[in-house]
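Enquirer: According to the working numbering, the sequence shown is numbered sequentially starting from 2.
All C-beta atoms in this analysis are idealised placements derived from N, C-alpha and C, irrespective of residue type, glycine included.
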Amino acid sequence: MQYSISQNETVSKAMSSSLSSLESAAKYLSQADKDQFFKIKREMEASNASRASIEERLHAFIWQVIEADDDDEDESENEE
């Protein structure tokens, strides 16, 4: 017995796990950033955005937060 998974199923599973990974990463955000993350997700889902575009936007948001935190750390080191 052979099982074959179509390319669409594979892509769908990968995107599903990618969204799950992004949601897991959101657990480590500040409460304000976490609220913004899920607001973006809800708004994009409500507008029927594609799963790929939702993931892309949420991924970009998390990186914005990370880069902003890095900038804050750099500024505090320069003040010392």
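For Ala-27, count neighbouring Cβ atoms within 10 angstroms of its own Cβ and tell me buried if that reaches 16, exposed if not.
Expert: Here the question's residue 27 lines up with position 26 in the sequence shown. Counting Cβ neighbours within 10 Å, Ala-27 comes out buried, since at least 16 surround it.
Enquirer: Classify Ile-55: buried if its beta carbon has 16 or more other beta carbons within 10 angstroms, exposed otherwise.
Expert: For this step, residue 55 is matched to residue 54 along the sequence shown. The residue in question, Ile-55, is buried, as its Cβ has 16 or more Cβ neighbours within 10 Å.
Enquirer: May I have the straight-line CA-CA distance separating Met-45 from Asp-71, to the nearest angstrom?
Expert: Walking along the sequence shown from the start, residue 45 turns up at place 44. Walking along the sequence shown from the start, residue 71 turns up at place 70. Cα to Cα, the separation comes out at about 27 Å.
Enquirer: Under the assumption that Arg-58 contacts Ile-41 (Cβ atoms under 8 Å), give the Cβ distance between them as a whole number of angstroms.
Expert: Stepping through the sequence shown from its first residue, residue 58 is reached at position 57. Stepping through the sequence shown from its first residue, residue 41 is reached at position 40. So it is a contact: roughly 6 Å between Cβ atoms.
Enquirer: Throw me the rounded Cβ distance for the Leu-23 and Ile-63 pair, which I believe falls under 8 Å.
Expert: Translated into the one-based positions of the sequence shown, residue 23 becomes position 22. Translated into the one-based positions of the sequence shown, residue 63 becomes position 62. So it is a contact: roughly 7 Å between Cβ atoms.
Enquirer: Between the alpha carbons of Gln-32 and Phe-39, how many angstroms are there, rounded?
Expert: Counting from one through the sequence shown, the residue named residue 32 turns up at place 31. Counting from one through the sequence shown, the residue named residue 39 turns up at place 38. Each residue's Cα considered, the two are about 11 Å apart.
Enquirer: Tell me the start and end of each unbroken alpha helix (DSSP H) in the region 18–70 that is at least 4 residues and wholly inside, in chain order.
Expert: DSSP runs (the alpha helix (DSSP H)) wholly in the region 18–70: 32–47.
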